[in-house]
Ligand SMILES: Nc1ncnc2c1ncn2[C@@H]1O[C@H](COP(=O)(O)OP(=O)(O)OP(=O)(O)O)[C@@H](O)[C@H]1O
Ligand SMILES: [Mg+2]
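Protein chains in written order, with my numbering: chain L, 6 to 435; chain F, 1154 to 1404.
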């Protein structure tokens, strides 16, 4: 079937609006050209595409970004009490003056533009490559756009156990800022590394991250997508997980008009683990979409997806999660749960769980539920004197906690819990 | 203390009358027992008194001293000193017992204009109370009632009651599912709380609990009404003869 002209035109307009960098190394330029060609070939996403049915991409693909007023970022920033290496972006641009010194044992951090200008660089085996592998069987056009045009971001390599997490903070100042950020990460064999992300980011934010988790390595990612009401964001994570390696990512989203978080994970070594979790609190004009694709291509691997969405006042939650077990990926243990908690009758939760299994000795399960606050539990709590609002908050926090528990580091998890609580308290004050 | 007058209650969702004119008065410091066949409306009465949704009061009134109970939210009734030990305590995954109980205690104290308990004060108090009820303090860190045995759930209800120090305690079949020793513990827990200013309404099917908690008055409920009221000997009569004679008597 020929590509509809609109999809191609939209893609061309986006490429024109974000000119690709010039003067980079040959391998980088090739990767970018390949991505641009693929983007034109598949076209910009459209509401009729199979994986965009629940989430209208119109405002993500307009050549001009939609209006989005910048709001002051939360102070103090989340994880303020955690020893961390701070990297600050303002309107999608790295600001060394606001960031910490990037020197750290077992870690190298370079701005994307520097790394991509070097002729011989390890990033060559990751940049555009993991994203490219993630384009089939389901195209992820806005990630290929990111590969083609992103100028900002960090290239990070962990060569051993990194003691402090790297904390990226995305601040937003210019109202209608349209930011594109790309991170390329490699966690070497036996190394471990934690990445934190937070901040309102931009009016429109296209962020993509490739993560190579080598054999026996550990990667932890915790993200808080902040409070900005008008924000439109599309984010991608492409991860390749080696033997005996652990990949963990957790995202909390509060507010934001439109958020599409895609996570594409390939399990390529035996005994690997991948845990992808998230929770969101949506109020009013809010659409939050998690689209996850996990490919099991090795034996004895475990993957877990845990997603919880709390929705009210017409908010919409979307979950599209797929587990693909390739032939030979025996003893795969795949688990997936997605749940919506609707605090009123106007909100909705749409789920599309998929399993595709070509190995015979596997244990895969998935479940999806949608419901309201349990009136019996609410009565039990209030009958002990807990005010109704507080009781409902307790039940909401309890609901999302299964996802929050996926964060390995308790300090990071407790900060997420504190943010969730603060969000609910603010909401009640009106 | 508690005065229920001509209380008529139907289900909100369907046209089913459950309470058909209940009259009952529990004086300060008294212990009353309610017995009665399954489905006679005992739990419904306890739920309506504590403010559960789903019921419609079509006639009658219920007062806790001067307070019109039926117009209040459940948490307001609790703050006023009403407590219901549930027949089926509710499991709430994800909510820690300890946090729940502390929130409840402090919310009630706040509603009454009293100072809130600090974390340390609360912890000390709850440890002491739990010990007398033979409740493992580790258990309290777990989510509310999740994974508790039937007997543990019932003891947890009594622990909550002890911490909240209500003045009107309704116990709905707190003895069901308890072994002999646990029943003794629960009864001791109740007896320890007995005082001039505190009253109890004990719903039960068995004489045994009433051996430990000596009631002042025993009521028999059938088909949504109190059909007979007497002293402790009425419970013995039920134990020995069942309800047939009493039902025939009033028919
Ligand atoms: N929410 C409800 N929906 C339908 N029927 C109800 C509801 N609540 C109570 N009933 C009915 O009302 C009647 C009284 O129930 P209730 O639980 O009060 O009885 P009970 O005296 O406590 O019985 P038991 O001794 O078995 O605990 C029963 O017929 C019950 O089925
Ligand atoms: Mg009952």
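Ideal Cβ positions, reconstructed from N, Cα and C, are used throughout, including at glycine.
All of these numbers come straight from a predicted model, not from anything done at the bench.
Is it right to say residue i is buried, meaning 16 or more other beta carbons lie within 10 angstroms of its own, or is it exposed?
| i | result |
| --- | --- |
| residue 151/L | buried |
| residue 260/L | buried |
| residue 341/L | buried |
| residue 223/L | buried |
| residue 351/L | exposed |
| residue 1200/F | buried |
| residue 27/L | exposed |
| residue 95/L | buried |
| residue 229/L | buried |
| residue 114/L | buried |
| residue 1308/F | buried |
| residue 125/L | exposed |
| residue 8/L | exposed |
| residue 1299/F | exposed |
| residue 1294/F | exposed |
| residue 1198/F | buried |
| residue 131/L | buried |
| residue 1393/F | exposed |
| residue 135/L | buried |
| residue 2/L | As shown, chain L starts at 6 and ends at 435. That puts residue 2/L outside it, with no answer to give. |
| residue 31/L | exposed |
| residue 434/L | exposed |
| residue 1290/F | exposed |
| residue 56/L | buried |
Am I right that residue i and residue j are in contact with their C-beta atoms under 8 Å? What's the rounded C-beta distance?
| i | j | result |
| --- | --- | --- |
| residue 174/L | residue 203/L | 6 Å |
| residue 1275/F | residue 1255/F | 5 Å |
| residue 265/L | residue 300/L | Going by Cβ atoms, the distance from residue 265/L to residue 300/L rounds to 20 Å, so no, they are not a contact pair. |
| residue 314/L | residue 287/L | 7 Å |
| residue 1285/F | residue 1310/F | With a Cβ gap of about 15 Å, residue 1285/F and residue 1310/F do not count as contacting. |
| residue 105/L | residue 90/L | 5 Å |
| residue 111/L | residue 195/L | Not confirmed; about 11 Å, so no contact. |
| residue 1375/F | residue 1400/F | 6 Å |
| residue 373/L | residue 344/L | 7 Å |
| residue 1306/F | residue 1242/F | 4 Å |
Counting only C-beta atoms, is residue i closer than 8 Å to chain F at any point?
| i | result |
| --- | --- |
| residue 391/L | yes |
| residue 386/L | yes |
| residue 404/L | yes |
| residue 68/L | no |
| residue 395/L | yes |
Could you list which residues in chain L have their beta carbon closer than 7 Å to that of residue i, in chain order?
| i | result |
| --- | --- |
| residue 1221/F | Result: empty, since nearest Cβ-Cβ is about 18 Å, beyond 7 Å. |
| residue 1421/F | In the structure displayed, chain F extends from 1154 to 1404; residue 1421/F sits before or after that span and is not available. |
Would you verify that the beta carbon of residue i is, or is not, closer than 8 Å to some beta carbon of chain L?
| i | result |
| --- | --- |
| residue 1313/F | yes |
| residue 1227/F | yes |
| residue 1335/F | no |
| residue 1196/F | no |
| residue 1203/F | yes |
| residue 1232/F | yes |
| residue 1260/F | yes |
| residue 1237/F | yes |
| residue 1108/F | Outside the shown range of chain F, which is 1154 to 1404, sits residue 1108/F, and nothing can be said about it. |
| residue 1346/F | no |
Could you name the residues of chain L that residue i contacts, counting a contact when the two beta carbons are closer than 8 Å?
| i | result |
| --- | --- |
| residue 1206/F | 380 and 384 |
Can you name the residues of chain F whose CB is closer than 9 Å to the CB of residue i?
| i | result |
| --- | --- |
| residue 399/L | 1245, 1247, 1248, 1252, 1253 and 1256 |
Interface residues of chain L around residue i at Cβ under 9 Å?
| i | result |
| --- | --- |
| residue 1264/F | 390 and 392 |
| residue 1170/F | Under the 9 Å cutoff, chain L gives no residues; its nearest Cβ is about 22 Å from residue 1170/F. |
| residue 1317/F | 389 and 390 |
**Study point:** Contiguous alpha helix (DSSP H) assignments of at least 4 residues, all confined to the region 1168-1226 of chain F
**Key:** Unbroken alpha helix (DSSP H) stretches of 4 residues or longer found wholly inside the region 1168-1226 of chain F: 1195-1203, given in chain order.
Review point. Considering only residues of the region 211-246 of chain L, which uninterrupted beta strand (DSSP E) runs meet the minimum length of 3 residues and lie entirely inside it, listed in chain order?
Key: As far as the region 211-246 of chain L is concerned, its whole beta strand (DSSP E) runs of at least 3 residues are 223-230 and 237-246.
**Study point:** Every unbroken alpha helix (DSSP H) inside the region 1237-1276 of chain F [4 residues or more]
**Key:** With a minimum length of 4 residues, the continuous alpha helix (DSSP H) runs that stay inside the region 1237-1276 of chain F are 1250-1264.
Check your understanding: Which residue spans inside the region 137-187 of chain L form an unbroken beta strand (DSSP E) run of at least 3?
Key -> Whole beta strand (DSSP E) segments, 3+ residues: 159-163 and 171-176.
Review point. Which residue spans inside the region 246-310 of chain L form an unbroken beta strand (DSSP E) run of at least 3?
Key: The qualifying runs are 251-259, 263-272, 278-288 and 292-301.
Practice item. Could I get the ranges of all uninterrupted beta strand (DSSP E) runs contained in the region 1287-1348 of chain F, with 3 residues as the minimum, in chain order? Key: You should have 1321-1325.
Practice item. Could I get the ranges of all uninterrupted alpha helix (DSSP H) runs contained in the region 63-129 of chain L, with 4 residues as the minimum, in chain order? Key: As far as the region 63-129 of chain L is concerned, its whole alpha helix (DSSP H) runs of at least 4 residues are 63-66 and 117-120.
Check your understanding: What residue ranges within the region 377-434 of chain L form continuous alpha helix (DSSP H) runs of no fewer than 4 residues, ordered along the chain?
Key -> List check, alpha helix (DSSP H) in window: 380-388, 393-409 and 415-434.
Practice item. Return the chain-ordered ranges of every beta strand (DSSP E) run that is complete within the region 1364-1392 of chain F and spans a minimum of 3 residues. Key: Entirely contained in the region 1364-1392 of chain F, the beta strand (DSSP E) runs reaching 3 residues are, in chain order, 1370-1375 and 1378-1383.
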